[in-house]
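A.B. asks: Heads up: the sequence shown begins at 6 in the working numbering, then just goes up one per residue.
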Amino acid sequence: MTIHTREIGKLRARPSTDSTVVQLRDQLHLHGTHHLPAAIEEFQRTPVRSPALVARDNTLRWSEGERLNHAYEQVCLRFADNDAVVTDSVTLTYDELNRRANQVARHLIAQGVTGGDRVGLLFDKGAETYVAMLAVLKVNAAYVPLDASFPAERIRFILGDANIKTIVSMSAFAERLDTFDVRKIFLDGAKYKIDARPGTHLSAGEVAAPVDALCYVIYTSGTTGNPKGVAIEHPSICNFVRVASELYGYRAGDRVYQGMTIAFDFSVEEIWVPLMAGATLVPARPGASLVGDELADFLSERAVTVMACCPTLLATI
6 MTIHTREIGK LRARPSTDST VVQLRDQLHL HGTHHLPAAI EEFQRTPVRS
56 PALVARDNTL RWSEGERLNH AYEQVCLRFA DNDAVVTDSV TLTYDELNRR
106 ANQVARHLIA QGVTGGDRVG LLFDKGAETY VAMLAVLKVN AAYVPLDASF
156 PAERIRFILG DANIKTIVSM SAFAERLDTF DVRKIFLDGA KYKIDARPGT
206 HLSAGEVAAP VDALCYVIYT SGTTGNPKGV AIEHPSICNF VRVASELYGY
256 RAGDRVYQGM TIAFDFSVEE IWVPLMAGAT LVPARPGASL VGDELADFLS
306 ERAVTVMACC PTLLATI
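1. If you draw a straight line from the alpha carbon of G109 to that of A140, how long is it in whole angstroms?
2. Taking only the alpha-carbon atoms, compute the straight-line gap between P291 and G210 and give it to the nearest angstrom.
3. Which of helix, strand or coil does DSSP assign to T171?
4. How many angstroms separate the CA atom of G117 from the CA atom of I322?
5. What's the C-alpha gap between A293 and R72?
6. Please go through the same chain and pick out, in chain order, the residues whose beta-carbon is closer than 8 Å to the beta-carbon of V261, but skip the five residues on each side of it.
7. Mapping DSSP to helix, strand and coil, what is D86?
8. Given K189, which residues of its chain have a CB within under 6 Å of its CB, disregarding the five upstream and five downstream residues?
9. DSSP three-state label for I267, please.
10. Just the C-alpha distance for I267 and P150, rounded to the nearest angstrom, thanks.
11. On the DSSP letters alone, give me the boundaries of the beta strand (DSSP E) that R202 sits inside.
12. Leaving aside the five residues before and after F162 along the sequence, list all residues of the same chain whose C-beta is less than 7 Å from its C-beta, in chain order.
13. So if DSSP puts F162 in a beta bridge, which residue, or which two residues, is it bridged to?
14. Is it buried or exposed for N103, if we count other Cβ within 10 angstroms and need 16 for buried?
15. Figure out for me which residue from T119, E306, D93 and L318 has the closest Cα to the Cα of V212.
16. Just checking: is the beta-carbon of R290 within a distance shorter than 8 Å of some beta-carbon in chain B?
Rendered as structure tokens:
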């Protein structure tokens, strides 16, 4: 169904024969008929500021020099024994995720990754995804998420545009990455070396000083044919995830569905926002995104309590 709006206050929907979309169309018509005039009238009134919003306006949830990995480490002190990630094969508590990321961070440093680097990440919804994200941040580098569905030329463009010298991934993607002239670090292939490294907090002497405030770079589809990199810095993301965690009402013990590829910007809300509250990430199984009955069954089997999604996906279940 296609929805068109016009300046004269009309909304027109082009119908579809798909039964789910027809139901959604009918619901929109019902709500539009009864609620749209009232909504327009409400918007035309003199704005009145919510006391809750006023109270939050000047509250910056970030301190000078703080980075997203620091924010996670603070949460880890409160929720060390809570489950941070649960998959079919692995369960990691907040402390275990943190310690594993420390081990991987030390391995990255040993392989030549340093502060200010931009590191590509290519995973498919495994627990290692979150370990790698956190590990890259711990060495004061920035991560650049990639997706296995990206055409080779798109990956090649991103590697060059972001000046990526290292990709962290799993050996299942070795052949996919073979043509790219960058350092590849496969976490499963280096498991024994990583396991042998300390999981304790990294000291200042181990980590190169940060050269910028960059946290990650997400590439979106560009209007000119090439993807566009959007750079997000630590002050912005630290502030966002803390405020969003409170506003969304996440609580310790919530089980939050994580279905988006990390190469999509919305995945930040699925991952880092719940982690600020001590909630548990429940990533989808590797492969295609779940919809309809498959998604409903997965949510039920995994006892998921929170799911952040667009209305079209919700309508399928």
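Beta carbons: idealized from backbone N, C-alpha and C, even for Gly.
C.D. replies: Concretely, from the data shown:
1. Note that residue 109 is Val in the sequence shown, not Gly. Those two C-alpha atoms are separated by around 6 Å.
2. 38 Å
3. strand
4. 46 Å
5. Each residue's alpha carbon lies about 32 Å from the other.
6. Y255, E275, P279, A284, T285, L286, V287, V309, T310, V311, M312 and A313
7. The three-state secondary structure of D86, taken from DSSP, is coil.
8. I172 and L182
9. coil
10. 6 Å
11. Per DSSP, R202 belongs to no beta strand (DSSP E) and is neither H nor E.
12. N231 and P232
13. F162 pairs with nothing; no bridge assigned.
14. buried
15. T119
16. Structure shown: chain B not included; a single protein chain is present.
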